Every structure is written in structure tokens, then in C-alpha cells.
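Numbering (UniProt numbering), first residue to last: 1 to 304. The beta-carbon is built from N, C-alpha and C at its ideal position, and this holds for glycine as well. Quantities reported herein were computed from a predicted structural model and do not represent experimental measurements.
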Amino acid sequence: MRWHKKQQTHFTYLGDAGYGDKALTAGLQQTTGDTAQLTAHGLPTFSHVGELTDAMGISTSELRFLCYQKDVSTVSHYQHFALSKKTGGTRLISAPMPRMKRAQYWLLDNVLNLLPIHDAAHGFIQGRSIVTNAKPHTNKQVVINLDLKDFFPSITYPRVKGIFKQSGYSEALATTFALIATKSDTQAVEMDGKTYHIANGKRELPQGSPCSPAITNVLCRRLDARLQGMAQKLGFTYTRYADDLTFSSDETDKIQSVLWRCQRIVTDEGFTLHPDKTRVMRKHQKQEVTGIVVNDGCRWIALP
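If you want it as C-alpha cells, here you go:
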């Protein structure tokens, strides 16, 4: 009876998540968070998983089902399909199934949207857009655009878990939230008339999850702060839209310094610049920011 009661309020095992059974299981035993920190930031507090599932409106067994990591499973919480990129190639989209999608929306609305982000971020934020991202770069002598390579896949389970830990949540809840928000790379195999989903990679942010964009903005807060600080010291303006970094200025003698320092900061923050997507656009050229022309004659736009 005592064991059954504990199962309704605590998770004791959720698989290995690709990072080792003992590490994940040990985290689930640590249920003490920083309530004062959570309350100060207006974040919901939970003493245990049972309180979390009550708030989410689902059973503990359903949340366990959504979070549990199996190396081989006949069930997938995602539908996968490819979308063509404008620049060529394809992008893999992993769209969550209804129950997983509801859990991710709950996490987005009740936790992620309450976490602080940097003012330089413009992607997937209410009241901001490609327009607000482009506006600071209008009619500048030089515009520099860089791209973060493999942006979503580079944000792995430990990094996502760290967001929730740093916000004040216990190891157990941070682990649970990170398992909701990430997925393993899987391969579908047909055998004896059944489809088996085999995990063949570490957990990472899925493109297609409603909470993935918000997680990227929270995680990039320090990156944005460092890049903006560097830009201001060199007389440049900085914004970021998802994986797209833009710098602009009327000063043209610090371009190489911006590029070199940006490379160093991006690498230090655990990301990689795409080697083929750096553009330096001068005044006499067409200057584009997130698909918008921002130099002479940009009449297409009513900048607020």
C-alpha cells in the first residue's frame, strides 16, 4: 500500500534517457527545490509529482507514460515528416501526438512563458516578429548576418534540464519537465507486422514541439547578453531571431572584430556558427534581415 501511494506522488524510474540509468534515477529521488526563488519569479511550486499532475489535469500514470524513455518501443509520441528549406535540403519536423502536445502546452503556458528572456530576442515572442527584428538595422552602413548551425538539435536534455534547475525546481521536477520537452532521435523498424521505434541518439529539442522555441529563447539569454554587450562596445546593434544573428552599424572598421568575437562567444556558449551562412552586406548592396530589405527604399513596411 505504501509503495502504491508513493507511485502516485513520485517517479522512481523513467528509463535512462540516453544518459545512464543511475544518473536519471538519482535525480528523481531529489525532491527539494528552491520555493523562495520560484515564488519570487511567479513560477508554480509543487512538493511532488502528484501535485504537478493535479495541476496539469492528468494522472500520474499518464505523465509517467509520456516521460518514460525506452530503447525500443511500439509507441511514438511524435509524428515525423520533412519540410523543404528555402535554401535547399530538408528540415525534420517532429510533431507531438495529442497527449504529449497538451503536456507541452501546459509547460509552455505555466512555466516557460514566465521565465526571463533577453530583449535582443525577437523570434516566437508575443508582440515581436521579423519586423521588430529588422527595425533596429534599417539604413545602416553595414549589416552582418550569421546563422547558428543545427540550432534545435544542439540543445540537448542536460541543457534543458539545467533551465528548470536554475529556475529553482527540484531535480525530480526538472528531470520530468526536461523529459516532456525533449525526445530521442529514433528509427522506425518494421518486424512481424509491427512498427518498433528504436532510440539511436541522445535526447534533444524536437522541431515541432510548442515549447521548443520558448526553451531556445530562455537558454540563449546569456548568449544574447554577451553578444549585445560585445556589439555595444564596438558600436554595433544586435538582435536574434531564432538561430539568425544580426549585427549592424554605421562604423565599418570593426567588422572583423565583430566576426571574431561572435565566433568566440557562440562557441563558448555551446553553439556553432554555420560556416556557409555568414553575410556582410554593405550600404550599396541589398541588406536583408530575416527576409526583409532594410536599406534605402524599404517602403514595403510601416515600421512602428
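Asked	Found
Under 8 Å between C-beta atoms of Cys211 and Ala172	no
Backbone secondary structure at Gln30 - three-state DSSP	coil
CA-to-CA distance, Val294 to Phe46, given in whole angstroms	47 Å
Reference His118, options Lys135, Arg221, Ile163 and Gln126, closest by Cα	Arg221
Rounded C-alpha distance that separates Lys149 from Asp244	10 Å
Cβ neighbour criterion (16 or more within 10 Å) applied to Trp106	buried
Length of the line joining the Cα atoms of Leu52 and Ala178	14 Å
Leu14 versus Ser61 - alpha carbon distance	11 Å
Unbroken alpha helix (DSSP H) run spanning Arg264, endpoints	Ile255 to Asp268
Beta-bridge pairing of Phe81 - partner residues as DSSP gives them	Ile93
Cβ neighbours of Leu108 in the same chain (closer than 6 Å, five flanking residues each side left out)	Pro210, Cys211 and Ala214
Distance between beta carbons of Ile93 and Gly208, contact taken as under 8 Å	4 Å
Closest by C-alpha distance to Asp34, when choosing among Leu259, Ala55, Ser170 and Ile292	Ser170
CA-to-CA distance, Thr176 to Ile163, given in whole angstroms	12 Å
Which of helix, strand or coil DSSP assigns to Ile180	helix
Sufficient close CB pairs (3 or more, under 8 Å) joining the segment 124 to 140 to the segment 246 to 262	yes
Assigned exposure category for Trp300 - 16 Cβ within 10 Å defines buried	At Trp300 the pLDDT is 47, less than 50, meaning the model places this residue with poor confidence and gives no usable figure here.
Buried versus exposed call for Met97 [16 or more other C-beta atoms within 10 Å across all chains shown]	exposed
Gly50 versus Leu63, Lys165 and Pro275, residue with shortest Cα-Cα distance	Leu63
Opposing strand residues paired with residue 362 [DSSP bridges]	Outside the shown range of the chain (1 to 304) lies residue 362, about which nothing can therefore be said.
Contact under 8 Å by Cβ, Arg159 with Leu114	no
CA-to-CA distance, Ile255 to Val280, given in whole angstroms	8 Å
Range covered by the beta strand (DSSP E) that runs through Tyr241	Thr237 to Tyr241
Phe164: CB within 7 Å of a non-hydrogen atom of the ligand COA	Of ligands this structure carries none, so the ligand COA is not represented either.
Segments of 4+ residues assigned as alpha helix (DSSP H) that fall wholly inside the segment 89 to 175	98 to 110, 130 to 134 and 157 to 167
Among Tyr68, Tyr238 and Lys101, nearest to Ala225 - alpha-carbon criterion	Tyr238
CB of Asn265 within 8 Å of CB of Leu223, strictly	The amino acid occupying residue 265 in the given sequence is Ile; Asn does not appear at that position. Result yes, Cβ atoms of Ile265 and Leu223 sit closer than 8 Å.
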